[in-house]
Structures are given as C-alpha cells and as structure tokens.
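Asker: Under this note's numbering, think of the first position of the sequence shown as 114, with each following residue one higher.
Cβ coordinates follow ideal geometry from the N, Cα and C atoms, glycine included.
Note that the structure is a prediction, hence the values are computed from the model and not measured.
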Amino acid sequence: MLVTILTLFPEIFPGALSHSLLGKALGRLWDLKVVNIRDFATDKHRTVDDTPYGGGAGMVMKPDVVNNALKYALSGYSGMPEIIHMTPHGKIFNHSIAKQISANSAGMIFLCGRYEGIDQRVIDYWKLNYNMREISIGDYVLFGGEIPAMVVIEASLRFSKGVMHNENSVEDESFANGLLEYPQYTRPASWNNMAVPDVLLSGNHEDISTWRTFRSEQITQSVRPDLWETYQKSRT
Ligand code: ADE
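#1: Going by the C-beta, is Phe256 closer than 8 Å to any heavy atom of ligand 1?
#2: Quick one: using the 10 Å Cβ neighbour count with 16 as the cut-off for buried, is Pro194 buried or exposed?
#3: If contact is defined by three or more beta carbon pairs under 8 Å, each pair taking one atom from either stretch, is the stretch 126–143 in contact with the stretch 206–216?
#4: State the start and end residues of the unbroken beta strand (DSSP E) segment that holds Ser249.
#5: Does ligand 1 have even one heavy atom less than 8 Å from the beta-carbon of Ser269?
#6: On the premise that Val161 lies in contact with Leu121, defined as a C-beta separation below 8 Å, what is that separation, rounded to the nearest angstrom?
#7: Here's a check: name, in chain order, each residue in its chain whose Cβ is nearer than 7 Å to the Cβ of Asn181, leaving out the five neighbours to either side.
#8: Ala154 CB to nearest chain C CB: under 9 Å?
#9: What ranges does the alpha helix (DSSP H) occupy inside the stretch 270–339, keeping only unbroken runs of at least 4 residues that lie completely in it?
#10: Reducing DSSP to helix, strand and coil, say where Val178 ends up.
#11: Taking the C-alpha atoms as reference points, what is the distance between Leu142 and Glu284?
#12: Rounded to the nearest angstrom, what separates Ile321 and Val312 at their Cα positions?
#13: Specify, as a first and last residue, the run of the alpha helix (DSSP H) that Val235 falls within.
#14: Between Gln334 and the rest of its own chain, which residues show a CB-CB distance below 8 Å, the 5 nearest in sequence each way excluded?
#15: Name the two residues that bound the continuous alpha helix (DSSP H) containing Lys137.
#16: In chain order, which alpha helix (DSSP H) runs of at least 4 residues are fully inside the stretch 149–206?
#17: Hey, out of Ala138, Ala211, Ala302 and Thr326, whose CA is closest to Pro261's CA?
#18: Check the C-beta distance from Met114 over to Ser273 and give it rounded, since I have them as a contact under 8 Å.
#19: So, does the stretch 226–241 touch the stretch 164–178, judging by three or more C-beta pairs under 8 Å?
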C-alpha cells in the first residue's frame, strides 16, 4: 500500500507515522513517498504561490504547480488510489470514512495545502476527473494539511490487514459499533482507595460482556448524545 504526500514541508514526515505499530509496518505493509510540491514550480525562483485575484490577505497556491505535482504522484500507481485534499472545507472525517479509504488497496495520495489555500480550478479539475475527496479533521483551522493527513493515514491504516497485532481490536473499540468503548482497568485491584468493578474480577464472561455493553451505552448517552441517537435509531 503506497501512501504519497504532496507538501511544501516534506521534513514533517514521517514524524509520528514512524512510531508504534504503524512504524513497525512501514516498509513492510505500507510505503510512504513524500513529494515536495516546490519541485514542480516552473520558474527559477521556484514560486509555488501568488496573490489572490480580487485582493485579500495571504497567498494562493498556483494551479499549474499543484496539478503537475498531482500528476507526478498519480504516475507512481498502477490502480486508482484515493486522492485526498486535506482542507477545513472538506467532509468531517470519521470511522466510516477511514474504513472506506483503507478498502482501496491501490493506496492514497494526500494533497496538503498551506497559505490561504489552493487555486479552486485545480481542485475542481481533480474532483471532477479523478474523484478527489476533500476531508477535514474538524471545525478549526490549522496552518496546513500535514497533521490532518497524518490523522487520516493513522486512522485508515489501522484497518489494513496485519497492521494491528490483534485484528479483533479494531472492531471491538470505540465507534466500531456506534458506541464509545467501556472503561478499562488493570492491576492493582485497589488503587488510591478505588476498587476495580467486582464483575471484572468475577471471571464470568457473560456478566462481563453485559456490564461492558451497559457501560458503553451509559458513557455514549452522557458524553455523545448525537452518537447515542444514531445508535438507538439503528436498533429500531
Ligand atoms: N487544513 C487546515 N485545517 C484543516 C482541517 N481542520 N482539516 C483538514 N485540513 C486542514
């Protein structure tokens, strides 16, 4: 599975992606190619941006430069990868989008914008002709799409076979069944005058499972009424 990042700040990568289980799988189950968008500038100053038509603050990334970088990235694939523009204007990322993205075995290309944004024409062109998606990681603005791309990569690759040691844990955790996960405890059985719930020490798997479902439902209802509503609707 090849993941290509288009960025003006290639030194940010692999960063967090080279650690933990994802890092262990890097080079084995997935590969990372980091491409500097500046390499596709056409003038001697290696210009990647220009002032916005109509005036206003900031700079806009040039369509020809971004287009050439995307074409180069796509030439590294035999199938059609997921092409993803990270932007606060995108669809809000979640568990089910992560699963969809990971299902494309051709891989992923991430376009990470900086400055005030990217010329709209190159975005429209790639959305229309190459099914480019636009994804946001939440309703706030970051300086660029690099950290958001890492979020999407990590959440998506967790669904890829072999990345997690225990394949069951992806389906067992928060959001997989529409609920937040139940609380977890480990030794000691008493800490700071607080005991681990008795049922977890009982060895009765049926009781433990009932308790966990009950606590998942209770937590979801209190912290995420939006998820709780969807969950209840899905069960009727
Ligand atoms: N780039 C800047 N802010 C972003 C966000 N919230 N999500 C995705 N990409 C972004």
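Answerer: This is what the structure gives:
#1: yes
#2: buried
#3: no
#4: Arg246 to Ser249
#5: no
#6: 6 Å
#7: Phe153
#8: In the structure shown, chain C does not exist; there is a single protein chain.
#9: 281–285, 311–314 and 318–336
#10: helix
#11: 20 Å
#12: 6 Å
#13: Gln233 to Tyr243
#14: Trp341
#15: Ser133 to Ala138
#16: 176–187
#17: Ala211
#18: 6 Å
#19: yes
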